[in-house]
Amino acid sequence: MTTLREINERCSALYEDLNFGYAREWKAAKPGRKVVGHMPFYVPREIIHAGGGLPLGIFGGGDQLEVIHGDAYYQSYICRIPRSTIELAVTKRLDFVDGMLFPSICDVVRNLSGMWKVMFPNVYAKYFDVPQNYRDDIGGTFYINELNELREGLGKLAGRRISDDEIRASIVLFNENRRLVREVYAFRAAQPWKAPAADVYLLMRAGMTLAVEEHNRMLREYLDAADKADARKRDNCRIVVTGAFCEQPPLNLVKSIELSGCYIVDDDFLLVNRWEQSDVAVEGDPLANLAHAYLHNSAHTAAKYEDTEKEKGMWLVDSVRKNRAEGVIFACPSFCDPALLERPMLQRVLAEHKIPFVAFKYAENSGQMQPIREQAGTFADSIKLWSVQ
Amino acid sequence: MRTFIGIDLGSTTTKAVVMDENSAILGRGITNSRSNYDTATRVAKHEALIDTRFTLFRRGLGAIAFGAGLLEQFLAELERAFRLEQYLEQIGDLERVCGDNAQGERFRDVQGKIRDALAEVFAQLRKDAPALFAKGAKRKSDFFRDIAGSRFMAIGEEVAGRYKFPFDLLLNIYDRSIIEVENRPPADDESGKLLRALDRAIGFMPSLAGQSADVAQAVRASLAIPLEETYVVGTGYGRVTLPFSKEHIRSEILCHGLGAHLMYPETRTVLDIGGQDTKAIQVDAAGIVENFQMNDRCAAGCGRYLGYIADEMNLGLHELGPLAMQATRTVRINSTCTVFAGAELRDRLALGEKREDIIAGLHRAIILRAMSILSRSGGVKDQFTFTGGVAKNEAAVTELRKLIEENYGKVAININPDSIYTGALGAAEFARRAVVH
Amino acid sequence: MVFTAGIDVGTGAVKTVLYAVDGPSTRLISKRCDRVRQRDPLKLAAEAYDQSLEAAGLKRDDIAYCATTGEGESLGFQTGHFYSMTTHARGAIELDPASRAVLDVGALHGRAIRIDERGKVVGYKMTSQCASGSGQFLENIARYLGIAQDEIGVLSQQGASPEKVSGICAVLAETDVINMVSRGISAANILKGIHISMADRLAKLLKSAGTKDGVVMMTGGLALDGGLVAAMRETCVKEKITVEIKSSPDSIYAGAIGAALWGAFRHEKLSMLERKAA
Amino acid sequence: MNARAPKEVVKEASMLKQKEMISGNYAKLASAKEQGRKVVSTFVPGNLNELIMCFDLVNNLPEINAIQNGMRKKTGGYIMEAEKRGHSEDVCTYVKADLGMIAKGNLGPDGHPLPAPDALLLSYTGCFTFMKWFELVREQYKCETLMLHVPYEGDGHATKNMRDYIVKQLKEVIIPGLERVSGVKFDIDRLREILRESAKAESHFVWVLQSAKNKPSPIDAYFGGVYYVGPIFTAFRGTPDATEYYRLLRGEIEQRIANGQGPITPDGEMKEEKYRLVVEGPPNWTSFRDFWKMFYDEGAVVVASTYTKVGGVYDLGFRHDPDHPLESLADYCLGCYTNRNLPSRIDLIEKYVNEYEADGLLINSIKSCNSFSAGQLLILREIERRTGRPAAFIETDLVDPRYFSPANVKNRLESYLQMIEQKRRSGIAPPAAAMPGAAPAAAMQ
Ligand SMILES: Nc1ncnc2c1ncn2[C@@H]1O[C@H](COP(=O)(O)OP(=O)(O)O)[C@@H](O)[C@H]1O
Ligand SMILES: Nc1ncnc2c1ncn2[C@@H]1O[C@H](COP(=O)(O)OP(=O)(O)O)[C@@H](O)[C@H]1O
Ligand code: SF4
Ligand code: SF4
Ligand code: SF4
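Protein chains in written order, with this note's numbering: chain A, 2 to 390; chain B, 1428 to 1864; chain C, 30 to 307; chain D, 13 to 457.
What follows is the structure in structure tokens.
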């Protein structure tokens, strides 16, 4: 049986490997295999998988990558992730990647898609647009056509047409993955002392690198092992972290939040694998099914338009309730327009529901955790000292 | 004779270069900008003109047949004697000002003691002076503030202890007085001082005995050559504060580019790290700027950063590099905010990291930032020239060499001991070109 | 009655207090402040704690709850740790029960903390990365100007026509100051200018933390700088913030005091839970 | 500003005309409620002014308010207000200037109260922030919000799918929505009429922009350009007033060309054209005059700019088309400058540098605007590589006075111009296709 420690070490190794050794090996194992990278946030990984490709999440350079050339492409007031991503590319760490998808998350990623086209003309680079209109006959139609275009593009890369059946088969696997991911989250919400936030984070990060089949196995093993873990419950409060859906916080930040007295019971790190919130239908037109899931049953984030004013932010309130959280921590990347513009709206909703919150900013390479501990700690203090027990 | 002067008014130091009409450098002068820009400009120019005299002496003495190495020896002796004269003059000034400043309310209770203590301190300072300027002596810095300051502290602490009053009081008087002294424009009796130095230098060199009259004659003759300030060009961070008209001001980017080109005609990329800014400049074969990038308004990662670190660790600037060279590993530092440098340092020390390893990390952080700016300006091309105050720091230089090689392969890297004058040199050349075509 | 201790490990100094607490009545037994200088703050804190105990005739075992704050998390022997804003809030209430906000200004940070009458933090704002408004900066400038620490406040209050410094960055602000010296601006006016710039920033923090009125207690090292306190008052009048700025000679101990008192509170709560459980 | 000028600079007829138009619109806004007219707020890029006119709605443009407030130096306070209310200092200052203005009583730039909008027409074109902006405004007014999602031209061109998607949204979401808000029935022939008028003004406008190909250029296509785009980018496209404005303007420019005159500046006529520049990025508004002065004092004229294309890249040939009304609205939205992908932007700038015979490219990078700014350093490099002409980079903000550092901007601008000058004097032609980005580009293959 795989122990927690082994799983954790495997995940850490994958996380720290800025050369993407696993994906390189995966590609080298069979001639003709293609690796398709994608920036954080939603892309239909099923289609990449159906074409025999490996979807590879590119989540920036973290705090261990020294950025030299990346800064040559970005002003100081733009977030970190695009510059570290460029750094990864110009230092040839991504030279094995055959295609890059840039999801519709913000103007920075959008423009990065064009930069990729200029800088790496031989790589299939696509800005992947999603509808902000949620009617099946309008946004849905548009989206199915976009998915088709993507299928064709990836098909060209794969050297063959990607069939409906292949996509269906991939949907089954990714449904399984999402189910297991939801289970891990539910497990952590129930017994957060057994599933430290940093461990869960690394486990999810592994899913951005590993083949889905392998990640599914790992998730199952983790659930088994974590349940048997012998861990002491601490006098911590329970919080939800939000705002970190794109540029990732340094691992130390995740750890610091917990160290300063907060159990993380829900978060929006790496939304990719929790994007569709229930199974995507398998029968019928697979692209229509993906579109349907996108329009009606996907995660809420700042990058999506909320067409009903009354619904704004309710998903966050629901998460707090469902996970019995006592407060919300907004952790947003510095200079991230979507996250930071969304923040005041969400805060208003939380205030209306009398849910306490605190906010700070980070960069993926933030070194000093002292201010973060200070704020998270004060927040935990106030919940601890003032909660009505 | 006609001279062309370039002045680089930097945030930390002010540099001047005097040039003749054939682009030959006659003299260089440098001073602290941390007092008064006007004064700094005047002092730097003044120093460069003094240095010019020495060049003229050398030319003038060229006609005399000296024994082996005697000319150099004599000139060195002359210079030391002159510096000593200069130093003593300023010490006198400082003593007077300190005396005045010791009159204040704060010092009433200990006035007598302070007066005696000051007298003792200055007597000692004077007594120490010749040794400071003796042959082979190493001085902490070239600036009066630093030389006098460090001696004052050392002697003052001991004297205050004996007189039984807090040393802080003496320190306070010094802090007050030094600004005033620094801000006083140089007294204009340079020939007087030079002539007194001449006598002293001749006195020190018995081997010259037979030729001393000729030597004195040649020196006097050189001293009599009128130096015409034909054209002056100012540049640098503070150039807008110079009382010059627009034609007499050039951007520091152009001056650095041209200056580097004059020193190393094959230069294509120039990096300058000064006190508050970092510039990366690409120049063509004629020294013309093709592209440049500077750090943004934030002063992070510039020379002053090292200054803060040195202050935090109670070290001199020149001690920092050697300390970093002793590191066995380099601590990863991600922030180069100057202000938080100290906090970062303490943080790491608290985590148990070794002092030298952290310092090495801080040096790497600065250079990484410079590498980014270089990359933004278009990368590094052969040959590469590194200028500015930070080029004097060996740890910074080592780190830079390493990173350049890693990122751009083998590139010739030029570092000149006079690289701090690069901007002023370019300005002087601009001044020359404005007149001589 | 129980004894509690509060140890505030800061970047500049370690503050240690001992309290005797009996229900709502609190008595300060001892206080001490040790400058860190080049020493190890954790070792210093342990020494200061033991010496405080010795002077008070107490042993470690006599202390019902020893609470750390500041950067004292890793001290090891404490009963519990509270974060600075929590403790400064409580400390301010102890110094003046009317306090509804705290302005904590230390060597490298500035924070505005809005609190309620029980000392609960209800909002806060901290200075971000850039630190031209920090105590460290002021100290550097004072040395440059040849002014002793205790003179700063007095001199600043004599400044009749202050010169503002740029707010962006301490390094650039330093250049500004040098510029002023060279233009012959008096030290008093320069200091006052710095104080005003700092006060501007802090007033902004106060406002954005949501403080509109009531008593604002200044805590931390710079609460003792009369010049800053005066500038703060003037700025509030100018900005029409109708608050009453206060400072106490014990302001520097606010964190340690708050820690000791929260320790007592937590001790009470924990013993109650224990009794319930029994 | 012109205190030293011997006499007040004469206002040209076109200037007066525009002034009158703008104040007219603000007056219309101020009296909308009394007059029982409905107000719709919308954005400049991809705006549907013709459609709005079809429903007799009054058009309120938050970006224009922010600009006007910026030039009147009011935005500093507004931005502070928004930050006090929880907005981050990192985000777009147009948004904060707008929200701050609303929070402080919603007085328009002319001092009159602005009406609460009856609908928000959210044209999500070329900028993600628009979406958040109107969600934030909707929170204030709780009014109907009509979202028109314009897909991004990620691959450098519009596709049929994109066009169909927009037309469908127009037909099924936007038009029914506007009918509901206004109570006016949609009449496609009315739309055709208005589009016909738009196209006329558009052709004049292109002529105006292209007059900068003359030497000396009779206009400044950036600092002057922001005035010239006024009518066509805002509430006037499709009105006879706009056509008239451009007719007047065209006449004046023709005169200047005939006289061999340069552009008019706030300090009078520009004497000598020493440098011809292409500028990418929006200008700074809070110090607009000082900013401009740094250019004309040095004899630098902007001959083409991308900012004057945010409301449509007409010089590439697009015109509103009465024969394909909804389709041409869709094409218009798709083709706005910031909705074009980065490679297309580079191509466009390259074309400008060559066709307008510019000395180089200057990028004014705006802290607020990721839509413009992210990627500009690559643009700079590519343009240098392709044209062999030098480019320079300055950084300011739109309406946040805290981010305009005159000394810094001046330093960079001067260095840049002196560099051009030095090159010219040395007689060395700009090295063809010198590759300043050699090293990193090498790393990129
Ligand atoms: N002897 C030295 N050793 C190491 N660093 C030095 C030395 N002298 C100067 N520096 C560095 O150079 C910086 C000043 O550089 P300089 O080029 O004079 O700046 P500026 O042109 O802005 O005045 C100082 O901040 C310091 O970090
Ligand atoms: N790049 C960064 N790295 C680490 N911490 C950061 C960074 N940027 C901001 N912070 C933290 O964020 C906090 C500032 O948050 P706040 O002032 O609330 O943001 P905003 O102004 O956007 O509301 C500071 O405490 C600072 O420690
Ligand atoms: S961190 Fe925010 S601004 Fe940056 S790329 Fe991601 S979503 Fe865009
Ligand atoms: S305080 Fe630090 S981060 Fe801020 S501007 Fe200065 S050097 Fe830069
Ligand atoms: S980000 Fe740019 S385009 Fe978008 S609203 Fe702000 S200024 Fe306008």
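C-beta atoms are modelled at their ideal positions from N, C-alpha and C, and glycine is treated no differently.
- Phe1570/B is the residue among Gln1720/B, Leu1635/B, Phe1570/B, Gly1576/B whose C-alpha sits nearest the C-alpha of glycine 1456/B.
- Proline 74/D and glycine 88/D have their C-alpha atoms some 16 Å from each other.
- For asparagine 366/D, same chain residues with a beta-carbon under 8 Å away, outside a window of 5 residues either side, are Thr399 in chain order.
- When the alpha-carbon of phenylalanine 103/A is set against those of Trp219/D, Glu396/D, Gly166/D, Gly189/D, the nearest one is in Gly166/D.
- Secondary structure remark: continuous beta strand (DSSP E) runs of at least 3 residues inside the segment 1762-1819 of chain B, in chain order: 1811-1814.
- Not one heavy atom of ligand 5 falls within 7 Å of the beta-carbon of asparagine 253/A.
- The beta carbon of aspartate 232/D is closer than 6 Å to those of Pro275, Val313, Val314 in its chain, skipping five residues each way along the sequence.
- Scanning its chain for C-beta atoms nearer than 8 Å, with the 5 sequence neighbours on each side dropped, one finds around aspartate 1704/B the residues Ser1438, Tyr1664, Met1721, Asn1722, Ala1726, Cys1729, in chain order.
- Across the segment 232-250 of chain C, CB contacts with chain D closer than 7 Å involve Lys236, Ser237, in sequence order along the chain.
- Of the residues Glu1512/B, Glu1516/B, Leu1596/B, Phe1719/B, the one whose Cα lies closest to the Cα of phenylalanine 1560/B is Glu1512/B.
- Pairwise C-beta distances place the segment 62-80 of chain A in contact with the segment 328-344 of chain A, as three or more of them are shorter than 8 Å.
- DSSP, read as helix, strand or coil, puts glycine 372/D in strand.
- Aspartate 338/A has its CB nearer than 7 Å to a heavy atom of ligand 3.
- Within 10 angstroms of the beta-carbon of alanine 1550/B lie fewer than 16 other beta-carbons, which makes it exposed.
- Taking 8 Å as the CB threshold, glycine 61/A stays off the interface with chain B.
- Annotation: Cβ neighbours of alanine 1770/B in chain C (cutoff 7 Å, chain order): Thr40, Leu137.
- Against glycine 314/A, chain C offers no close residue; the least beta-carbon distance is about 20 Å (beta-carbon pairs closer than 8 Å).
- A straight line joining the alpha-carbon of alanine 226/A with that of threonine 243/A spans about 27 Å.
- The count of Cβ pairs closer than 8 Å, one atom from the segment 10-24 of chain A and one from the segment 201-212 of chain A, reaches three, so the stretches are in contact.
- Your pair alanine 300/A and phenylalanine 270/A does not check out as a contact, with CB atoms roughly 12 Å apart and the cut at 8 Å.
- Looking at the DSSP output, arginine 1429/B shares a beta bridge with Glu1655/B.
- Put simply, the CB of asparagine 1463/B is far from chain A, with every gap to its CB atoms at 8 Å or more.
- Taking the C-beta atoms as reference points, alanine 1823/B is found no nearer than 8 Å to isoleucine 1842/B.
- When CB distances to chain A are screened at a threshold of 9 Å, the residues of the segment 1802-1823 of chain B falling below it are Ser1802, Arg1803, Ser1804, Gly1805, Gly1806, in chain order.
- Using a Cβ-Cβ cut-off of 8 Å, glutamate 95/D is close to Ser237 of chain C, given in chain order.
- Going by DSSP, isoleucine 1847/B is part of no alpha helix (DSSP H) at all; its letter is neither H nor E.
- Of the other Cβ atoms in all chains shown, fewer than 16 fall within 10 Å of the Cβ of histidine 1745/B; this residue is therefore exposed.
- Taking a contact to require three or more Cβ pairs closer than 8 Å, the segment 1755-1775 of chain B and the segment 365-382 of chain A qualify as touching.
- When secondary structure is reduced to three states using DSSP, glutamine 1703/B falls in the coil class, being assigned neither helix nor strand.
- Within 7 Å of the CB of leucine 389/D, the CB atoms of chain B belong to Arg1803, in sequence order along the chain.
- Shortest Cα-Cα distance from alanine 96/C to any of Leu132/C, Arg172/C, Gly213/C, Ala74/C involves Ala74/C.
- Interface with chain B (8 Å Cβ-Cβ cutoff): glycine 378/A is excluded.
- Taking one beta carbon from each stretch, the segment 255-272 of chain A and the segment 94-111 of chain A have fewer than 3 pairs nearer than 8 Å; the two do not touch.
- Residue environment for lysine 88/C: exposed (fewer than 16 other C-beta atoms within 10 angstroms of its C-beta).
- Annotation for glycine 292/C: the continuous alpha helix (DSSP H) segment containing it runs 283-306.
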